[in-house]
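Asker: For the sequence shown, the numbering used here begins at 88 and goes up steadily by one.
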Amino acid sequence: MPYARMMKLAIATGGTDQGRSGLSAYLNAVLPRLRRRVEQAGGATVALGRRADLDAYAAHLRGAERIVTRDAWRPAAL
88 MPYARMMKLA IATGGTDQGR SGLSAYLNAV LPRLRRRVEQ AGGATVALGR RADLDAYAAH
148 LRGAERIVTR DAWRPAAL
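(1) Taking residue 116 as the reference, give the member of 127, 94, 148, 139 with the closest Cα.
(2) Name the DSSP bridge partner or partners of residue 136?
(3) Write down the C-beta distance between residue 97 and residue 133 rounded to the nearest angstrom, noting that I regard them as a contact closer than 8 Å.
(4) Buried or exposed for residue 111, going by 16 or more other Cβ atoms inside 10 Å?
(5) Decide if residue 151 is buried, meaning its Cβ has at least 16 other Cβ atoms within 10 Å, or exposed.
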């Protein structure tokens, strides 16, 4: 029985200096194209990072699921 799998691509934005480094320049250039290709193939993108990192790429993350690492990560109980 044929079936289709949905690709879900996770993009980690941590360590990208919110748009001030070479890595962030690369992410700004690649992210729109990458998201478009994944979505054209029927997939979805998920962005992981601190709120400041995700906000820096907000224009390129429209429609993408966002996971704020501070909200998702919980320290061990003492």
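Every residue gets a Cβ at the ideal spot worked out from N, C-alpha and C, and that includes glycine.
Answerer: Working from what's here:
(1) 148
(2) 155
(3) 5 Å
(4) buried
(5) buried
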